[in-house]
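Colleague: Numbering (the numbering used here), first residue to last: 282 to 497.
Note that beta-carbon positions come from the ideal geometry of N, C-alpha and C, so glycine has one too.
This structure is a prediction, so every number in the text was calculated from the model and none was measured.
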Amino acid sequence: MADLRGKRVLVTAGPTHEAIDPVRFIGNHSSGRMGICIAEEAARQGAEVTLVCGPSHLASAPGVHRIDVISAQQMYDLVLPLFADADIAILSAAVADYRPRAVSAQKIKKKDASLTIELEPTPDILASLGQIKREGQLLVGFALETENALANAQEKMVRKNCDLMVMNTLADEGAGFGHDTNRVTIIDRRGNITNFGLRPKTEVAIDILTHISQTL
Ligand code: C5P
């Protein structure tokens, strides 16, 4: 088993919700389970863990210092300063890529005409950490791809300047959103590709942290 005693680990998990009006939002199917399992396992291995979690119904172990947020902007505002003190950052959150440009102060009324909501990009937290990463800090990204998984994940790893990319696809039965199991492939900057089998997310968390420890 990996040993993370003395390490400060920052984890993001869950979806983000981007408000349209006071009662509606844009979100996604992330449950937060994968990131919560990683945070709990890192704490079990002796790390000092901070989990920044988007809206999730799942609880996390008391050994994890958890901060709940709603939107991508809130996650960004919290994570950036926290990264300064982290040895390892694992960004497993399914952050919304776009948010409504304007949030309506009142509930939008139904009309017969079609409705257009203009979207603007959210800040990319992983890419921002990649830009300020110091020597000795390890940055891990996640990539959920529906096509050309390996090539897209490799491109993302380089563009966002992270050291490892954990990849999963929705094509796998029992993997990804809403499942208790996942099947991941970990890629690194030297071109190594490690495939893992379909496993409970608690065990996938151990695989990921073991791989991280070996990279440190
Ligand atoms: O570009 P894409 O969204 O596929 O990248 C996925 C990775 O980037 C994940 O690690 C995710 O947590 C992170 N990300 C982020 N902020 C965003 C979008 C993605 O940190 N706004």
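Note down, in chain order, each residue of its chain lying with its Cβ closer than 8 Å to the Cβ of Y379, except the 5 sequence neighbours on either side.
Modeller: Here residue 379 refers to the residue found at position 98 of the sequence shown. Cβ neighbours of Y379 beyond the five flanking positions: E299, I307, L400, E401, P402 and T403.
Colleague: The alpha helix (DSSP H) spanning A434 covers which residue range?
Modeller: The count along the sequence shown starts at 1 and reaches residue 434 at position 153. Note, A434: alpha helix (DSSP H), A430 to R440.
Colleague: Output the distance between the C-alpha atoms of L291 and F364, rounded to the nearest integer angstrom.
Modeller: Here residue 291 refers to the residue found at position 10 when the sequence shown is read from its first residue. Here residue 364 refers to the residue found at position 83 when the sequence shown is read from its first residue. Going by the C-alpha atoms only, they are around 7 Å apart.
Colleague: Checking 8 Å against the spacing of the C-beta atoms, do A424 and M446 come in under that value?
Modeller: Position 143 of the sequence shown holds residue 424. Position 165 of the sequence shown holds residue 446. Closer than 8 Å, so yes.
Colleague: Counting along the chain, where does the alpha helix (DSSP H) carrying D349 start and finish?
Modeller: In the sequence shown, residue 349 corresponds to position 68, counting from 1. Where D349 is concerned, there is no enclosing alpha helix (DSSP H), although the beta strand (DSSP E) it sits in stretches over H346 to D349.
Colleague: Give me whichever residues DSSP pairs with V292 in a beta bridge.
Modeller: As a first step, residue 292 must be located in the sequence shown, where it is residue number 11. DSSP lists L332 and I371 as partners of V292.
Colleague: Please name the residue, chosen from V333, K288, L339 and T297, that lies closest to R325 on a Cα-to-Cα basis.
Modeller: To locate residue 325, count along the sequence shown from 1; it is residue 44. Answer by Cα proximity: K288.
Colleague: Leaving aside the five residues before and after F488 along the sequence, list all residues of the same chain whose C-beta is less than 6 Å from its C-beta, in chain order.
Modeller: As a position in the sequence shown, residue 488 is number 207, starting the count at 1. In the sequence under discussion, the amino acid at residue 488 is Asp, which differs from the Phe named in the question. The answer, listed in chain order, is F477.
Colleague: So which residues put a beta carbon under 5 Å from any heavy atom of the ligand SAH, going in chain order?
Modeller: With respect to the ligand SAH, the structure shown offers nothing to examine, as its ligands consist of the ligand C5P.
Colleague: Who are F426's beta bridge partners in DSSP?
Modeller: On the sequence shown, position 145 is the one that residue 426 refers to. Here residue 426 turns out to be Glu, not Phe, going by the sequence shown. Paired residues: T450.
Colleague: Check whether the Cβ atoms of G417 and C443 lie closer than 8 Å to each other.
Modeller: Here residue 417 corresponds to residue number 136 of the sequence shown, with the count starting at 1. Here residue 443 corresponds to residue number 162 of the sequence shown, with the count starting at 1. Cβ distance not < 8 Å, so G417 and C443 don't count as in contact.
Colleague: Counting along the chain, where does the beta strand (DSSP E) carrying L400 start and finish?
Modeller: Looking up residue 400 in the sequence shown gives position 119. L400 to P402 is the extent of the beta strand (DSSP E) around L400.
Colleague: On the DSSP letters alone, give me the boundaries of the alpha helix (DSSP H) that R325 sits inside.
Modeller: Numbered from 1 along the sequence shown, position 44 holds the residue referred to as residue 325. Segment R314 to R325, the alpha helix (DSSP H) holding R325.
Colleague: How would you write the range of the alpha helix (DSSP H) that D358 sits in, first residue to last?
Modeller: Counting from 1 along the sequence shown, the entry for residue 358 is found at position 77. Segment A353 to F364, the alpha helix (DSSP H) holding D358.
Colleague: What would DSSP say about V421, mapped onto helix, strand or coil?
Modeller: Mapped onto the sequence shown, residue 421 falls at position 140. Residue state, collapsed to three classes: strand.
Colleague: Cα-Cα, which of S352, H492 and I389 is closest to I474?
Modeller: As a first step, residue 474 is located in the sequence shown; it is residue number 193 there, counting from the start. Ranking S352, H492 and I389 by Cα distance to I474 puts H492 first.
Colleague: With distances taken from CA atoms, which of A353, I389 and P381 is nearest S409?
Modeller: Locating residue 409 in the sequence shown gives position 128, counting from the first residue. Of the listed residues, the one whose Cα sits closest to S409 is A353.
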